[in-house]
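**Student:**
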């Protein structure tokens with residue numbers, strides 16, 4: 058902003074930008090700015106008019122001092138305190154993409170980020186394995202989740218997918234019966250092809266609260282085949298026999314047939330934690346989120362000696378991401394490999 062004279066309340070301004078300036082609505086099949094489809098409240102209109110007058114021109118971002126101010130603003134939370142490193146990185150990526158779009162539209166001659174000696178802080182992406190549940194605890198949590206009323210019973214196999222198949226929650230909510238190969242005995246197979254992350258109805262083209270996408274960081278029509286152990290095969294067969302499927306073939310659905318919300322399965326997971334963990338453990342990040350079950354599944358594969366490349370393929374990671382997040386588990390696997398190589402070398406010497 059050029060200055061803050063006459064600024065509206067911060068919450069009013071943020072709501073005006075988030076819920077109106079950046080929001081679109083479907084109108085006769087066409088996406089239009091919300092303010093063109095609906096009449097905003099008077100205070101929202103005033104806030105939008107103020108920010109329109111006070112915003113710097115895009116071309117001003119070619120000035121290093123202006124650009125630095127924008128970058129430094131990315132490091133702060135709403136309360137003025139410093140944001141977490143991952144948050145800063147995410148915001149910097151969005152800002153960089155906006156600048157690239159400005160270059161594409163001819164509003165900037167070139168990407169100006171190189172003019173400022175600034176970079177986002179280093180992040181530590183490695184998973185803290187102190188708080189990843191081991192096999193015994195993971196199984197107890199899944200069992201306890203299945204005991205949390207009718208919804209818990211319905212979602213027991215959902216949590217099983219997160220652990221035994223290392224699926225992302227958004228992939229599990231989109232799992233269809235047609236993607237499952239579930240023999241009566243032995244290992245089965247899931248052929249994953251999509252995900253339905255919840256993003257809010259204001260941010261999807263369809264107006265639904267979820268977005269239908271392909272697999273994360275993969276081509277839209279890409280698939281990922283994941284072998285699943287007999288225990289998960291049995292869970293899924295039992296689930297289908299008991300609950301059937303939604304009209305579109307989804308295995309897991311909300312009470313009225315819609316998509317399962319993160320709030321719902323998150324609450325069931327938290328209830329299971331309180332049953333399984335001690336009072337002291339429950340206050341720690343141990344198995345803090347349903348996603349912890351996926352991390353536990355990937356860790357189990359690595360610690361079992363499965364090759365990192367195969368683990369990455371099954372989990373839908375790149376090798377680089379796997380090494381960044383699971384470095385400690387991979388290091389333990391490398392030590393096992395070293396012993397195997399040493400044994401082979403010693404055996405060769407004895408011949």
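Residue numbers (our numbering): 58 to 408.
Ideal Cβ positions, reconstructed from N, Cα and C, are used throughout, including at glycine.
Rounded to whole angstroms, how far is the Cβ of residue 325 from the Cβ of residue 208, which I believe are closer than 8 angstroms?
**Tutor:** 6 angstroms
**Student:** Ignoring anything shorter than 4 residues, give me the alpha helix (DSSP H) runs that lie fully in the region 63-142, in order along the chain.
**Tutor:** 67-73, 91-94, 99-111 and 121-130
**Student:** By DSSP, does residue 248 sit in helix, in strand, or in coil?
**Tutor:** In this structure, DSSP gives residue 248 an extended state, which the three-state scheme calls strand.
**Student:** Alpha carbon to alpha carbon, what distance is there between residue 399 and residue 132?
**Tutor:** Distance between the alpha carbons of residue 132 and residue 399: 49 angstroms.
**Student:** Output the distance between the C-alpha atoms of residue 397 and residue 403, rounded to the nearest integer angstrom.
**Tutor:** Roughly 10 angstroms separates the two Cα atoms.
**Student:** Using a Cβ-Cβ cut-off of 8 angstroms (strictly less than) and excluding sequence neighbours within five positions of residue 287, which residues of its own chain qualify?
**Tutor:** The residues are 242, 243, 244 and 245.
**Student:** Checking the sheet assignment: what are the DSSP bridge partners for residue 237?
**Tutor:** 247
**Student:** Just to confirm the assignment: which complete alpha helix (DSSP H) runs, minimum length 4, are found wholly within the region 337-361?
**Tutor:** 348-360
**Student:** Check the C-beta distance from residue 69 over to residue 104 and give it rounded, since I have them as a contact under 8 angstroms.
**Tutor:** The Cβ separation is near 5 angstroms, so the contact holds.
**Student:** Could you give the C-beta distance for residue 184 and residue 382, rounded to a whole number, given that I count them as a contact under 8 angstroms?
**Tutor:** About 5 angstroms separates the two Cβ atoms, so the contact holds.
**Student:** What is the rounded straight-line gap between the Cα of residue 180 and the Cα of residue 150?
**Tutor:** 14 angstroms
**Student:** Using three-state DSSP, classify residue 489 as helix, strand or coil.
**Tutor:** The displayed coordinates of the chain run from 58 to 408. Any statement about residue 489 would go beyond what the structure contains.
**Student:** Could I get the ranges of all uninterrupted beta strand (DSSP E) runs contained in the region 301-327, with 3 residues as the minimum, in chain order?
**Tutor:** Segments of the beta strand (DSSP E) lying fully in the region 301-327: there are none.
**Student:** Specify whether the region 134-153 and the region 79-96 touch according to this definition: at least 3 beta carbon pairs, one from each stretch, less than 8 angstroms apart.
**Tutor:** no
**Student:** Check the C-beta distance from residue 121 over to residue 172 and give it rounded, since I have them as a contact under 8 angstroms.
**Tutor:** Between residue 121 and residue 172 the beta-carbon gap is near 5 angstroms, inside 8 angstroms, which marks them as a contact.
**Student:** Would residue 59 be called buried (16 or more neighbouring beta carbons within 10 Å of its own) or exposed?
**Tutor:** exposed
**Student:** By the DSSP assignment, the beta strand (DSSP E) with residue 284 in it spans what residues?
**Tutor:** 281-285
**Student:** What residues in its chain sit with their C-beta under 8 angstroms from that of residue 167, if we drop five residues either side in the sequence?
**Tutor:** 160
**Student:** What's the gap between the Cα of residue 387 and the Cα of residue 366?
**Tutor:** Each residue's alpha carbon lies about 11 angstroms from the other.
**Student:** Closer than 8 angstroms is the cut-off here; do at least three beta carbon pairs connect the region 373-380 with the region 334-341?
**Tutor:** No, the region 373-380 does not touch the region 334-341.
**Student:** Within this structure, are the beta carbons of residue 211 and residue 300 separated by less than 8 angstroms?
**Tutor:** In this structure, the beta-carbon distance from residue 211 to residue 300 falls below 8 angstroms.
**Student:** If distances are taken between C-alpha atoms only, which option among 368, 359 and 148 comes closest to residue 393?
**Tutor:** 359
**Student:** Just to confirm, is the Cβ distance from residue 292 to residue 214 under 8 angstroms?
**Tutor:** Going by C-beta atoms, residue 292 is nearer than 8 angstroms to residue 214.
**Student:** With DSSP run on the structure shown, which of helix, strand or coil describes residue 153?
**Tutor:** It is helical.
**Student:** Please state whether DSSP places residue 292 in a helix, a strand or coil.
**Tutor:** helix
**Student:** Let me make sure I understand the geometry here. Which of 67, 247, 328 and 79 has the alpha-carbon closest to that of residue 289?
**Tutor:** 247
**Student:** Among the residues of its own chain, which have a CB less than 7 angstroms from the CB of residue 284, if the five just before and after it don't count?
**Tutor:** 244 and 246
**Student:** If we count the other Cβ atoms within 10 Å of its Cβ and call it buried at 16 or more, is residue 282 buried or exposed?
**Tutor:** Counting C-beta atoms within 10 angstroms of its own C-beta, residue 282 has fewer than 16 neighbours from the protein chains shown and is therefore classed as exposed.
**Student:** Ends of the alpha helix (DSSP H) at residue 222?
**Tutor:** Here residue 222 belongs to no alpha helix (DSSP H), and DSSP marks it neither H nor E.
**Student:** Would residue 118 and residue 74 be called neighbours here (beta carbons separated by less than 8 angstroms)?
**Tutor:** No, the Cβ-Cβ distance between residue 118 and residue 74 is not below 8 angstroms.
**Student:** Measure the Cβ-Cβ separation of residue 333 and residue 195 and say whether it is below 8 angstroms.
**Tutor:** no
**Student:** Kindly indicate the opening and closing residues of the alpha helix (DSSP H) around residue 367.
**Tutor:** 365-372
**Student:** Rounded to the nearest angstrom, what separates residue 280 and residue 319 at their Cα positions?
**Tutor:** 23 angstroms
**Student:** DSSP state of residue 173, grouped into three classes?
**Tutor:** coil
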